[in-house]
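Asks: Just so it is clear: in the sequence shown, position 137 is 137 by UniProt numbering, and no numbers are missing.
Here a beta-carbon is modelled for each residue, glycine too, at the ideal position from N, C-alpha and C.
Bear in mind the structure is a predicted one, so any value in this text is a computation, not a measurement.
Structure provided below as structure tokens; questions to follow.
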Amino acid sequence: MHHIPALISDLAVMLITAGLITILFKKIHQPLVLGYILAGFMLGPFFPVLPSVSDVSSIDTWSEIGIIFLMFHHGLEFSFHKLAKVGSTSIITAIVEVCGMLAVGFAAGRLLGFGVMDSIFLGGMLSMSSPTIIVRVIDELKLKGQKFTELVAGTLMVEDIAGIFMMVILSAISVSRNVSGGEVIGNISMLAFYLVMWLVLGIFFLPTFLNKTIKLMNDEMLMIVSLGVCFGMVMLADFLGFSSALGAFLAGSLLAGTIHVERIEHLTMGVKDLFGAVYFISVGMMVNPQILSENAIPVIVIALVAIVGQFGFSSLGMLLSGQTLENALKCGFTLAQIGEFAFIIASLGMSLGVTGDSLYPIVVFVSAATTFITPYFIKNAPACIDAIKRHLPEEMLSKLGKYTSEDQQDNEKDSDWYLYIKKFFKRLIIFGGLMLVIVIIGVNGLYPVVLSYMGEKTAGILTCVVIYIGMAIFAGPMMNLHNSLYTALWLKHKSFRWPLAVFNLIKVGVVTMIAMVPLWSLFKIRPVWLFIIVIGVMAFAGRSDRITSLYLQMETRFLRNFNERLIEREEAIYGKQDWIYDKLHIISFIVPGSGEYVGKPLRTLNWGRRLNIYVVKIRRNTHNYVMPKENAALRPGDKVYVVGEQRAIMNFYKVIGQEPCKRMRTLRDFMDSGYPDTDNALSICAVMVTGQEAFAGKTIKNSHILREWGCMVLGIQKEGLPVIMPNAGMTISRGDILWVVGSNNNAGRLASEYSEYDTAGISRK
1 MHHIPALISD
11 LAVMLITAGL
21 ITILFKKIHQ
31 PLVLGYILAG
41 FMLGPFFPVL
51 PSVSDVSSID
61 TWSEIGIIFL
71 MFHHGLEFSF
81 HKLAKVGSTS
91 IITAIVEVCG
101 MLAVGFAAGR
111 LLGFGVMDSI
121 FLGGMLSMSS
131 PTIIVRVIDE
141 LKLKGQKFTE
151 LVAGTLMVED
161 IAGIFMMVIL
171 SAISVSRNVS
181 GGEVIGNISM
191 LAFYLVMWLV
201 LGIFFLPTFL
211 NKTIKLMNDE
221 MLMIVSLGVC
231 FGMVMLADFL
241 GFSSALGAFL
251 AGSLLAGTIH
261 VERIEHLTMG
271 VKDLFGAVYF
281 ISVGMMVNPQ
291 ILSENAIPVI
301 VIALVAIVGQ
311 FGFSSLGMLL
321 SGQTLENALK
331 CGFTLAQIGE
341 FAFIIASLGM
351 SLGVTGDSLY
361 PIVVFVSAAT
371 TFITPYFIKN
381 APACIDAIKR
391 HLPEEMLSKL
401 GKYTSEDQQD
411 NEKDSDWYLY
421 IKKFFKRLII
431 FGGLMLVIVI
441 IGVNGLYPVV
451 LSYMGEKTAG
461 ILTCVVIYIG
471 MAIFAGPMMN
481 LHNSLYTALW
491 LKHKSFRWPL
501 AVFNLIKVGV
511 VTMIAMVPLW
521 SLFKIRPVWL
531 FIIVIGVMAF
541 AGRSDRITSL
551 YLQMETRFLR
561 NFNERLIERE
571 EAIYGKQDWI
581 YDKLHIISFI
591 VPGSGEYVGK
601 PLRTLNWGRR
611 LNIYVVKIRR
621 NTHNYVMPKE
631 NAALRPGDKV
641 YVVGEQRAIM
651 NFYKVIGQEP
661 CKRMRTLRDF
671 MDSGYPDTDN
681 ALSICAVMVT
691 GQEAFAGKTI
701 KNSHILREWG
711 CMVLGIQKEG
721 LPVIMPNAGM
731 TISRGDILWV
741 VGSNNNAGRL
751 ASEYSEYDTA
761 GISRK
């Protein structure tokens, strides 16, 4: 007689039991996760009434796949744009909550007699709230859209990132069996390095691949490709010594940035639900009632620590970030539980062999208890908050009212210094990391291959050439020392100039040190000569138009892929956009009788490169000079029209020593105003590049649009991505939309000669 494999019969029993119990739990309005855990307990070895699962090893494998799918879907719901929008409120709350619970959890473990490693892992388990439970309860109670739910969602998002780093730290501690600061920092640094590399390369290639192949894919193929990406990242993470959960989360976060994420999420939801159910059932199978009876006091104490600690620290974090007492307490009640992250960390401890057998079941009991009370906490939060307010002293309520604000998150403003420092370190980490990757691949990968075909010296020279060509692509933008933020700070106060100079030296130092590595590794050249050679190579690379153009193409594709969903959403809402009319501003000023810039030609002033503004018109007595040439000089009494972004124009006012006008007009306002001399009026038109134009395939600098057509490029739109005041090294490609400004006659000639883009009826003035 033919017998089916034990795994199939086990799955049949598991799914039937889980299905019946979850129906019951749905009927009594309890979270389904508790139903799965109860089903697992009933099918486990500690509940003899029902038949136990026989093929435990296969079920363990399925539960591991369940963790992968849970983390993959966490990644699909994650968004870098959402993370950027959560503001300091969610970041402060997550930091206070995670750090506080780590400390309290560790202390509770030690007081209960747990070992050091058990206590460390217990702190990690108690520090993470459950996104799955919270999102489901909020949906069931129809609370989505309220202020506190947005704050909770932001906090959970930051906790996801903290959880990923925590697993790496706990793994490092477990391997060495002690808390080594250097080792922990090293592991975090390596994780951060790989995260940056994966995300940059993934964002650069993955959306482009999907967009080019999506027409060939049906639902089945898209699901297979998505799952392939997921498990491919899991394999890569495992190869590099990180957890499979990290790889799955990263795969989901990469796909979350594409325009196909909703479809992918829908297609993989069923698979996630199946394996997720098996995972939670396997969690229940490990519950031993005897451990509960033997550890009743620890279970009760840890449950109270989890509830009170999560509530207290999350509420405190919200208050410290400036939220009102009511919002803070609502968030505290919502976040007061632990869930799937606790199970994942507990599984990690068991797989590493550093936690005791009793810790996992204890955490399952605690999670079940906190999950059970979560809906009641959230539902009764308003009544509890009223009671708390009644018992707090009036003086304390008054002080809290002055310190906090209902619109705290909306009122958060970034100073110029904050924005500059954030941009500085972002570029330093990303571009520095990419250059370091190029060096590592070149020295450890390319050089041995080349060495097998030619001599040592020739192989070294060829390897260095390839490395420096790759580095030069990113060294230029990393060394871009001057931008509108830099200029604004430089002009704001003289005391800011020394710190800015130090930041410039840091950039130069980082690039120089990275560039020295291949020469030192392959030729053992002395440091002095190394420094001279590297500075010369970097100076040459920075002036190369071809390298600049290549980088700009790569940057544009990356930004387009990174903002793909935002671009699609805006196009769906607004249709054909005339974005340049609202992004750019135009001002006019009268040249005074004296000044540093008076009498100097525009070429010498170099305002376009220095300040990112264009002089588009000069009116001198009765004469008008539209798109003045580089040798045109400004004379006293001239009326000069300047175009640029708002920040650039504010910097320009400081340079020329004039007070800003009260109302800075956008291009739309300017074009809508009447102007009697239509021949000399400014006109803006958009041209769709078909590839047949004389300037197609050339950089803006070499297109000669200004020389041959008397027009200047104000913006370019590449695959929906708007680029304002583009770099002259940017290549004009087929399918681009080119926005140009010139006189009515010149802009009209250009538009009639080539395919004018329909800008929804914007008139020329």
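(1) How long is the line joining the alpha carbons of I59 and A248, rounded to whole angstroms?
(2) Taking the alpha-carbon positions, what's the G433 to P393 distance?
(3) Using C-beta distances below 7 Å, list every residue in its chain close to G202, excluding the 5 sequence neighbours before and after it, in chain order.
(4) DSSP has F589 in a bridge; who is on the other side?
(5) Counting C-beta neighbours from all protein chains within 10 Å, is the total for H73 16 or more, i.e. buried, or is it exposed?
(6) Using the beta-carbon count (16 or more within 10 Å), is L325 buried or exposed?
(7) Have a look at V363, R665, V466, A277 and flag the residue whose alpha-carbon is nearest the alpha-carbon of G644.
(8) What runs of the alpha helix (DSSP H), each 4 residues or longer, lie entirely inside the stretch 419-505?
(9) Compare the C-alpha of G657 against each of I716, G595, N621 and name the closest.
(10) Can you tell me the Cα-Cα spacing of D582 and M269, whole angstroms?
(11) Rounded C-beta distance between S63 and Y279? I'm assuming under 8 Å.
(12) Quick check on W498: buried or exposed, where buried means 16 or more other Cβ atoms within 10 Å of its Cβ?
(13) Report back the beta-carbon spacing between G44 and G284 to the nearest angstrom; my notes put them in contact at under 8 Å.
(14) Nearest by alpha-carbon distance to I194: which of G19, A633, F242 is it?
(15) DSSP puts H623 in a beta bridge; with which residues?
(16) Under a three-way DSSP split, which group does Y614 fall into?
(17) Of all the options L246, K212, M435, T463, which has the alpha carbon lying nearest to the alpha carbon of G445?
(18) Helix, strand or coil for R665? Go by DSSP, reduced to three states.
(19) Just curious, the alpha helix (DSSP H) that L721 is in, first and last residue?
(20) Which residues does DSSP pair with S743 in a beta bridge?
(21) What are the residues that DSSP puts in a beta bridge with G715?
(22) What separation, rounded to the nearest whole angstrom, lies between the Cα atoms of T690 and K718?
(23) Just to confirm, are A18 and A368 a CB contact at a threshold of 8 Å?
(24) Distance check for L15 and F275, CA to CA, integer angstroms please.
(25) What does P601 pair with, by DSSP beta-bridge criteria?
(26) Just to check my reading of the structure: G124 and D118 have Cβ atoms closer than 8 Å, yes? What is that Cβ distance to the nearest angstrom?
(27) Does the Cβ of T155 have 16 or more other Cβ atoms within 10 Å, making it buried, or fewer, making it exposed?
(28) Given a cut-off of 8 Å, decide if I68 and V234 are closer than it, judged by their beta-carbon atoms.
(29) Within this structure, are the beta carbons of T371 and L24 separated by less than 8 Å?
(30) In the structure shown, what three-state DSSP assignment does T355 receive?
(31) So, with DSSP's three-state summary, where would you put L15?
(32) Report yes or no: do the stretch 687-701 and the stretch 601-616 share at least 3 C-beta pairs separated by less than 8 Å?
(33) Are the beta-carbon atoms of S130 and Q337 separated by less than 8 Å?
(34) Per the contact definition of three or more C-beta pairs closer than 8 Å, is the stretch 626-636 in contact with the stretch 648-657?
(35) For T458, count neighbouring Cβ atoms within 10 angstroms of its own Cβ and tell me buried if that reaches 16, exposed if not.
(36) Would the beta-carbon of F333 fall within 8 Å of that of I388?
Replies: Per the coordinate set shown:
(1) Note on geometry: alpha-carbon atoms of I59 and A248 lie some 20 Å from one another.
(2) Going from the Cα of G433 to the Cα of P393 covers about 53 Å.
(3) The answer, listed in chain order, is L254.
(4) Under the DSSP definition of a beta bridge, F589 partners with V640.
(5) So H73 ends up on the buried side.
(6) Buried is the call here.
(7) The residue among V363, R665, V466, A277 with its C-alpha nearest the C-alpha of G644 is R665.
(8) 447-451, 456-478, 484-492, all fully within the stretch 419-505.
(9) For the set I716, G595, N621, the Cα lying nearest the Cα of G657 is the one of G595.
(10) The alpha-carbon separation between D582 and M269 amounts to approximately 41 Å.
(11) Rounded, the Cβ-Cβ distance is 4 Å, consistent with contact.
(12) Counting the other CB atoms within 10 Å of its CB gives W498 a total below 16, which places it among the exposed residues.
(13) Confirmed, about 7 Å.
(14) It is worth fixing the name first, because residue 194 is Tyr in this sequence and not Ile. Per the Cα distances, F242.
(15) In the DSSP output, where bridge partners are listed per residue, H623 has R620.
(16) Reduced to three states, the DSSP call for Y614 is strand.
(17) Among L246, K212, M435, T463, the Cα nearest to that of G445 belongs to T463.
(18) DSSP places R665 in strand when its eight states are reduced to three.
(19) It is not in any alpha helix (DSSP H) - L721 instead sits in the beta strand (DSSP E) that spans 721-724.
(20) Its beta-bridge partners are L682.
(21) DSSP lists I724, W739 as the beta-bridge partner residues of G715.
(22) Each residue's alpha carbon lies about 13 Å from the other.
(23) By the CB criterion at 8 Å, A18 and A368 fall outside the cutoff.
(24) CA-CA distance, F275 to L15, rounds to 11 Å.
(25) The bridge partners DSSP lists for P601 are A633.
(26) Rounded to whole angstroms, the Cβ separation of G124 and D118 is 11 Å, and the two are not in contact under 8 Å.
(27) A buried status is given to T155, since no fewer than 16 other beta-carbon atoms sit within 10 Å of its beta-carbon.
(28) A contact, by the Cβ cut-off of 8 Å.
(29) Taking 8 Å as the Cβ cut-off, T371 and L24 do not qualify as a contacting pair.
(30) Residue state for T355 is assigned as coil, using DSSP reduced to three classes.
(31) L15 falls in the helix class under three-state DSSP.
(32) Output reads no: the stretch 601-616 does not touch the stretch 687-701.
(33) Yes; because the gap between Cβ atoms is below 8 Å, this pair is in contact.
(34) Touching, no.
(35) The residue in question, T458, is exposed, as its Cβ has fewer than 16 Cβ neighbours within 10 Å.
(36) For F333 and I388, no; Cβs fall outside 8 Å.
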